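K.L.:
First, the structure itself, so that you have it in front of you.
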Amino acid sequence: MVTALAGTKTRTAVRRTELEALRDLVRSATARRDATVELTGDPGSGKTALLAALAAEARAQGVVVLRGLCTATEREPVPLRPFAQAFGGLETTGAGGPALTLGTAALVHSLARPPRDPTALVPSGGGLTRGCHYFGELRRMIADCVAAVPHGLLLVLDDFHWADPCSVRLVEALMRRPIGGGLGIVIAHRPRQAPVGLRLAVRHGVELGTVEEVNLAPLTLAQSAELLAVRIDAPDLDRLHERSGGNPLHLTALAAEEGPPDDPGHLAVRRGLETRLLTECAPLDPDERLAAHAAAVLGESFDVESVAIVAQMAQDQACRALGSLRTRDLVRAAPRSSALAFRDPLLRDFLYGEADSCWRLAAHRRALTHLTALGALPFDLAPHVVLSGSLAAPRDRAVLGAAVKEALPAGRTALAAQWTAAALRLHRAAREPALAADPPTGPDATCSPGCELWLPVVQALAAEGDVTHLRTLTREILATLADLPPADRIPAVATIALVQATLGLPDEAGALLAPLLAALRGTGRPEAALQVQSQLVLVLAGQLPSRADVEVLARHTEAAPPITAAGALALRGLSTVFAGDLSAAETDLDTCAQILDGLEPHGPGTPAELGGADVFAGYLAVLACAESAMGWYGPAQAHAERALATARLRGDAHLLPMLLNVLAYVGYQDGRMSEALESAQEARSLARATGSDHHVALADAVTAAAWAWLGDAGPHPTRPDSHGAVTGEVPRTSVIALLHAEAALAAGDGHTALALLLPARDARRVPQPARILAARVYELLAAASVVTGVDATCWAERAETAAAEAQVTEQRGYALLARGHVLLARSLPADAAHCYHEAHALLGETTAGMRARDLARIATLACGNGETAAAADGLAELTLRERQVADLAGQGLKTRDIAERLLVSPRTVDVHLTRIYSKLGVHSRAALVRLLARAA
């Protein structure tokens, strides 16, 4: 989240180009040349900050700086007031500044305090000076002051859009006929509020070449990042930049809103903005203020008729008030519309907060009635329902429900959550069961009463990882369902608990389930169903359930409905897989698969009171995880794909990262790298959106391993730091660590593989891996040891022991691979080849099996004569991708055909062939074909 705020120095620093143009003005003054600059920009664009920086630099160079500020507090501004204010400052200038003569002091005094009777003033001049008194005297005084200073005089006229006509005419005269001698003038104003006379005068000066224009355009994204002192790719920067419109003041204020409420820097920004807006709105008369409050109630855009109705004032009265607000640039024409809009959202928020809260409730009700009569969309009506507070009526629920359906496809999930919560409060106020009159149908029919309103919102919040709004909505849902029997609350509570678990909130999920479990004690089927679902919550949160707990649960649910019994078996199967009791796990998983394969997510076997479709998809996910751990990749893929289809149909985005990662892992293990990369990419994207770091890490690990197998570093490589430790937090001996270790070994980096799998400083004290992973871990350690020149015998022995205990075909294959590594390192290629061939027979055409096949061929080659052995050594140095290219080239395929087969560019194939020739000591494709033929 972007909350960092910079100081004033930084706010001026981002306007380097504009500040440099103003510095030219100072340089002209010190060179005794007159110059004028028009500085324009919207409120908050940084005009005053730039002027302050300019004044400081000018004073440092010996230039006398006089400042006149125009204000909007007076209905009839005093003539020449900014000049009186500026030259009144001569009395306080430092040493070396001009002194006020007695006559000059009297003139400044007269300008500052004009007589009540205009006829008492001296006669005015003609032409430009007609109607302006003291005009000639003031011009002569300016000339005298410029002549009296050694390094020039800088006259800064800020907020000149509020200037009186006489001041405008005097500036025009100074631009047309410069005094000479080093007078620099800066005229800062808001272009939308500048009077016509000022705009014409400046334009004429630009045409004459006596005026330079400096416009403060909206900040670029890079300037916004610099202002907030954050990186340009910082989260939320794009959103803040777009919402602020590139306005520096608005940007810092919006960042302050999202920062800590008690942060001194943020408080200063917020108070500064409020002070500016309060000053700007202070001159509003009662009608203008009432119209502004009514417009703020109406929202982003409004028209005269709507403002009149909400403010309860005559239409012509509202028209005049809005016209005055437009003159003050508080209100502007809405873009691409005939309606009106506030200058910026912060101004609208300020005026809305300024209005009386009780008045606002009734005003929102009037706005709702009026906009409904005009046929406004529910999306535009819903805010008025919510903000009308206690005046909202039960019939407004329909508006809120329709608005939620409009908000979700538009990506306005937070608004949808607020409106859903308001609708649920109206249900409770009406003392009706939550939408019981409108029972859900379709995919959501197994959910609790009312879920067709809140379930899509909960799913959308989960997809975005919006925990804050999810918590708020959860409280409203539970309060709405509080009067239902405990068994009827199971679907809602279970659904929300599963969502919380997948978002990394297992404690909150447990706290949500605990009261309901207590209320269901002794109820039989409902209690058993929720007990199983509470264990499912642990798995979805990334925790392994206690084997003792799931053992008891499975025994107590043997006679339960199919969905509950299958869930208990899936959980017990997963627990026993990682506990090493693979025979028991095989029985549980087979039985669970038979039950779930015979059920439909919305069929009679999955009644609503037992959890419904989301629980069904969760149990399939657990089953697929356990099957993939057992090496049953076909069933695991089938069950994961079925769960994925169910979750997509229901919109359960929180389940997708886990299911896609299962498919990615299965695809990698089964040698289908393109499918693995596709699933991992989607899993990573969805996991990042939901804030699931574990699933992001798993997707990255599959991606790294798949790309490494293809002979490419890929987009997410894991690299060791200078000490050999692995960058990032990778759990040792976990599947994530195994995949990264395999990626490192595929690239020939045994040191990184060892760093991933072993504790630092003690390479022999490996943490005891899960029994189902043990042989695979030890095989990787054996391979890494051989690559780094370390004896791997102990790891091969451990792999054989682990495989014997596991009694799983895949684990025996890994043990044979480990034994082959040791034998090949001892220069026993024939024995190594035998082990590799046996491993290939056990592992089949999986990734590990293909690795065993390639190693068997290399070991077989090493059994030949010296030339063949040299070729074998060369083939052993090839990466997996280089071996693929060499094999296809040996079959006679052309470069373009190889590129199409491997889904790479022809140039990439040529690069691989160049490396292959170098490693094998050949110089042509024909020589490569002959060498591979001898090897075959």
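With the working numbering applied, the sequence shown corresponds to residues 163 to 1098, in that order. In this text, a Cβ means the ideal position worked out from N, Cα and C, and glycines have one as well. Owing to the predicted nature of the structure, the values given are computational and were not obtained by experimental measurement.
1) Could you round the C-beta distance between Thr534 and Gly367 to whole angstroms and report it? I think they count as a contact, below 8 Å.
2) In terms of residues, what are the limits of the alpha helix (DSSP H) holding Val1047?
3) Report yes or no: is there a C-beta of chain C within less than 8 Å of the C-beta of Gly780?
4) Under 8 Å between the Cβ atoms of Thr950 and His983?
5) What does a CB cutoff of less than 7 Å around Val431 pick up in its chain, not counting 5 residues either side in sequence?
6) Does the count of Cβ pairs from the stretch 815–832 and the stretch 619–634 closer than 8 Å reach three?
7) Give the straight-line distance between the Cα atoms of Asp855 and Pro668, rounded to the nearest whole angstrom.
8) Please give me, in chain order, every unbroken run of the alpha helix (DSSP H) with length at least 4 that falls completely inside the stretch 332–389.
9) If I measure Cβ to Cβ from Gly408 and keep anything under 6 Å in the same chain, skipping five residues before and after, which residues do I get?
10) Do Gly344 and Leu187 have their beta-carbon atoms positioned less than 8 Å apart in this structure?
11) According to the neighbour-count rule (16 or more other Cβ atoms, all chains shown, within 10 Å of its Cβ), is Glu467 buried or exposed?
12) In or out: Pro448 buried (at least 16 other Cβ within 10 Å) or exposed?
13) Which residues in the same chain have their Cβ closer than 6 Å to the Cβ of Asp1099, if we skip the five residues on either side of it in sequence?
14) Give me the residue from Arg339, Met337 and Ala325 with the minimum Cα distance to His1099.
15) Looking only at C-alpha atoms, which of Pro618, Cys613 and Gly666 sits nearest to Leu640?
16) So Pro1068 and Arg1058 are in contact, right, with Cβ under 8 Å, and what is the actual spacing, rounded?
17) If you draw a straight line from the C-alpha of Ala710 to the C-alpha of Cys520, how long is it?
18) Can you give the beta carbon distance from Leu530 to Val547, rounded, assuming they're within the 8 Å contact cut?
19) Just the Cα atoms here: how many angstroms apart are Pro653 and Leu617?
20) Give the DSSP-derived three-state secondary structure of Val225 in the structure shown.
21) Where does Ala673 fall in DSSP's three states?
22) Given a cut-off of 8 Å on the beta-carbon distance, is the pair Ile934 and Leu744 in contact?
23) Just to check my reading of the structure: Ala576 and His631 have Cβ atoms closer than 8 Å, yes? What is that Cβ distance to the nearest angstrom?
24) For the beta strand (DSSP E) that contains Glu200, what are its first and last residues?
25) Less than 8 Å between the beta carbons of Ala1051 and Leu1075, yes or no?
26) Is Asp832 near Tyr795, with beta carbons less than 8 Å apart?
27) Just tell me which of Leu402, Gly461 and Arg488 has its CA closest to the CA of Cys443.
28) Enumerate in chain order the residues of its own chain whose CB-to-CB distance from Leu509 is below 7 Å, with the five nearest sequence positions on each side excluded.
29) With a floor of 4 residues, list each alpha helix (DSSP H) that falls wholly inside the stretch 820–857, ordered by position along the chain.
30) Give me the Cβ distance between Ala578 and Leu570, rounded to the nearest whole Å; I'm assuming they're in contact under 8 Å.
31) Are the beta-carbon atoms of Leu543 and Ala565 separated by less than 8 Å?
32) Here's the rule I'm using: 16 or more other beta-carbon atoms within 10 Å means buried, otherwise exposed. How should Asn377 be labelled?
33) Check Ala554 in the structure and name its three-state DSSP category.
34) For Val493, report the span of its beta strand (DSSP E) as first-last.
35) I'd like to check one pair, Val694 with Thr726: are the Cβ atoms closer than 8 Å?
36) Go through the stretch 452–509 residue by residue and report every complete run of the beta strand (DSSP E) that reaches 3 residues or more, in order.
P.N.:
Looking at the coordinates:
1) About 53 Å separates the two Cβ atoms, so there is no contact after all.
2) Leu1042 to Gly1052
3) Considering every chain present, this structure includes no chain C. It has just one protein chain.
4) no
5) Leu167, Thr414, Ala415 and Ala418
6) yes
7) 15 Å
8) 358–370
9) Pro380 and Leu381
10) Between Leu187 and Gly344, the C-beta gap is not smaller than 8 Å, which leaves the two residues out of contact.
11) exposed
12) exposed
13) No information on residue 1099 is available, as it lies outside the stretch 163 to 1098 that the chain covers here.
14) With the chain covering 163 to 1098 only, the question about residue 1099 has no answer from this structure.
15) Cys613
16) 5 Å
17) 59 Å
18) Contact holds; Cβ gap of about 6 Å.
19) Going from the Cα of Pro653 to the Cα of Leu617 covers about 11 Å.
20) Look at Val225 here: in three-state DSSP terms it is coil, with no helix or strand label.
21) Reduced to three states, the DSSP call for Ala673 is helix.
22) yes
23) 5 Å
24) Ala197 to Thr202
25) yes
26) In this structure, Asp832 sits near Tyr795, with a CB-CB distance shorter than 8 Å.
27) Arg488
28) Non-local beta-carbon contacts of Leu509 in its own chain, meaning distances under 7 Å to residues more than five positions away in sequence, involve Leu439 and Leu492 in chain order.
29) 835–852
30) 5 Å
31) yes
32) exposed
33) coil
34) Counting along the chain, the unbroken beta strand (DSSP E) around Val493 starts and ends at Val493 to Ala495.
35) Result yes, Cβ atoms of Thr726 and Val694 sit closer than 8 Å.
36) 493–495 and 502–504
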